[in-house]
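What follows is a set of notes on a single structure, which appears directly below.
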Amino acid sequence: MKMPNIKNIKNMDKDELLGILGLRTKDSFAGQMTATLATFGVGLLVGAGVALLLAPKPGRELREQLRTKLRRAEQDQQDQVESTNAVSGLTEAPANHA
125 MKMPNIKNIK NMDKDELLGI LGLRTKDSFA GQMTATLATF GVGLLVGAGV
175 ALLLAPKPGR ELREQLRTKL RRAEQDQQDQ VESTNAVSGL TEAPANHA
């Protein structure tokens, strides 16, 4: 194993110093979650694309069905927020942060 030049220790970053000792920094929870969610998102997009390619309905009919389901899901979500607010005593829905 090559011995590091200790004279350059001031110019080394944290990871280089830990590497000399045979250690490394622990991955953060946020970093792990970001990678996991990114992988999930890619899988979701690929799955949706495959589903659209293999769908037994014509494109126009399928798009209309998707629109209907998305609108229904959006309305269900709004109803759930209103129900939760009513139970918790809130009178206004929280502002959307985009």
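176 is the number that my numbering gives to position 52 of the sequence shown; each next residue is one higher, with no gaps.
In this text, a Cβ means the ideal position worked out from N, Cα and C, and glycines have one as well.
For residue j and residue i, believed in contact at Cβ under 8 Å, the rounded distance
{"i": "Leu186", "j": "Ala197", "result": "Between Ala197 and Leu186 the Cβ distance is about 16 Å, and since that is not below 8 Å, they are no contact."}
{"i": "Thr149", "j": "Asp139", "result": "6 Å"}
CB contact below 9 Å: residue i versus chain C
{"i": "Val170", "result": "Among the protein chains of the structure shown there is no chain C, as only one such chain exists."}
Top-ranked residue by Cα proximity to residue i, from the options
{"i": "Ser152", "options": "Leu177, Thr160, Ser212", "result": "Thr160"}
Cut-off 7 Å between Cβ atoms - residues of its own chain near residue i, not counting five sequence neighbours on either side
{"i": "Gln204", "result": "none"}
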